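Letter 91 of the sequence shown, counting from 1, is numbered 91 in this note's numbering, and no numbers are missing.
C-beta atoms are modelled at their ideal positions from N, C-alpha and C, and glycine is treated no differently.
None of the values given here were measured: they were computed from a predicted structure.
Contents: one structure, followed by commentary.
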Amino acid sequence: MSRNERNLIILGALAIVLLIVGFYFLLLSPLLGRLEEADQQREAREAQLAQLEAQVAELEEVRSNSPEIERQLLELSKRIPTQPEIPTLTIQIEEIARASRVTQLSLIPGSPAPGGGDYTVQPITMSFEGTYEELQEFLGLTDDLARLVTVNDVTFEPSEEGTTTQPQIEQLLQVEINAEVYFQPAGVQAGAAPTAPETPTQETTDVP
1 MSRNERNLII LGALAIVLLI VGFYFLLLSP LLGRLEEADQ QREAREAQLA QLEAQVAELE
61 EVRSNSPEIE RQLLELSKRI PTQPEIPTLT IQIEEIARAS RVTQLSLIPG SPAPGGGDYT
121 VQPITMSFEG TYEELQEFLG LTDDLARLVT VNDVTFEPSE EGTTTQPQIE QLLQVEINAE
181 VYFQPAGVQA GAAPTAPETP TQETTDVP
C-alpha cells in the first residue's frame, strides 16, 4: 500500500469521526437533553397534581362560606376541569402554534384512563413543523397554559424541506409531542377512583 493510499484511508476515517461527533452535538445531544428535562418536568407535574387534588378536597368542604374560596376553585377548575374539553384545548394550542410560528399543527386525543387519584388522564398527541427555536418557544408557551399539561415525550427529525448547517437551531423539523391533560368528573368523591368516560372523537386541526 502506497503512502498516498494510507493518507487517504486516514483522512476518510477522520471524516467519519467528525461526522459522528457533529451528529451527536447538533442533533442527538439536544434531543437527549430535552427528553431528560421532560422526565423531570413530568415528575414535577405529578407532584403538582397531587397538591392540587389536596387543595380541591379542602376547598370543597368550605366553598359556600367564602367568595375567595370560590375564586380559588375557579382557578383550579381551569387547571383540572370536570370534562376533557378537547375543543377548548385545541383552540388554546392553535393560539400557541401561531405565537411560536410553527405550522401544520395536528392535535389528536387518545383514550382517557383513570389516574392515580380521583382524576382522569386524557392523553394527547401534538405534531407540527418548525425550527428547534420555535419548538422551544412552543413548549414554553404550553407550560404557561392555565390548564395543567404534562409533556411526556418530545421527538423530532429533520424535515425533507429543511437544509442548514445548524440543524438544532434553523433547520425545519418534524415534531411530535406526547402529552397528557387531566379532568375530574363532577360528583367524584375525593380519594375515589374515577370511571373513565367514553373515548372522545379524534379531532385534528391544521394551522396554515
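- Under DSSP, P185 shares a beta bridge with no residue.
- DSSP places D39 within a helical segment (H, G or I) once states are collapsed to three.
- In this model, S127 and N178 are separated by some 9 Å (Cα to Cα).
- Taking C-beta separations shorter than 7 Å and ignoring five residues to either side along the sequence, the partners of L76 in its chain run L52, Q55, V56, following chain order.
- The beta carbon of P123 lies closer than 6 Å to those of G110, E180 in the same chain, with the five residues before and after it left out.
- DSSP, read as helix, strand or coil, puts G116 in coil.
- In the three-state scheme derived from DSSP, where H, G and I count as helix and E and B as strand, A57 is classed as helix.
- Taking the Cα positions, G116 is about 12 Å away from F183.
- For L76, the secondary structure class from DSSP, reduced to helix, strand or coil, is helix.
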